[in-house]
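Quick notes on the structure that follows.
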Amino acid sequence: MYLCICNAIREKDFRAVAPLCRGSAEDIYRQLGHEPQCRQCLDDADDILGDVRCCAA
Ligand code: FES
Numbered sequence: 123m124y125l126c127i128c129n130a131i132r133e134k135d136f137r138a139v140a141p142l143c144r145g146s147a148e149d150i151y152r153q154l155g156h157e158p159q160c161r162q163c164l165d166d167a168d169d170i171l172g173d174v175r176c177c178a179a
């Protein structure tokens, strides 16, 4: 499932990188080699990031 349509970022790829990056969802996008475009996905990305960090704690 795609998390970010503009950059074709899959949720599974975002989740794989999230534990390796301390920054924001935007920082994780950059880690994946992309920049946010329309930004409509960032709320969902932040929710997923919170989920990943909560489960890792
Ligand atoms: S859907 Fe992610 S930047 Fe547009």
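Quick note: the sequence shown, position 34, residue 156 per our numbering, numbers continuous. C-beta atoms are modelled at their ideal positions from N, C-alpha and C, and glycine is treated no differently. Nothing here was measured: the structure is a model prediction, and the numbers come from that model.
For this session: May I ask you to report which of helix, strand or coil DSSP gives I170?
Result: On the sequence shown, position 48 is the one that residue 170 refers to. Three-state result, I170: helix.
Problem set entry | Within 7 angstroms, strictly: CB atoms of A147 and A167 | Within the sequence shown, numbered from 1, the residue matching residue 147 stands at position 25. Within the sequence shown, numbered from 1, the residue matching residue 167 stands at position 45. Contact flag set, yes.
For this session: Apply the 10 Å Cβ neighbour rule to I150 and answer buried if 16 or more other Cβ atoms are within range, or exposed otherwise.
Result: As a first step, residue 150 must be located in the sequence shown, where it is residue number 28. Buried, by the Cβ-count rule.
Exercise. Ordered along the chain, which non-local residues of its own chain (more than five positions away) have a Cβ less than 8 angstroms from that of N143?
Worked result: Within the sequence shown, the letter at position 21 stands for residue 143. Contrary to the premise, residue 143 reads as Cys rather than Asn in this sequence. The residues are D149, I150, Q153.
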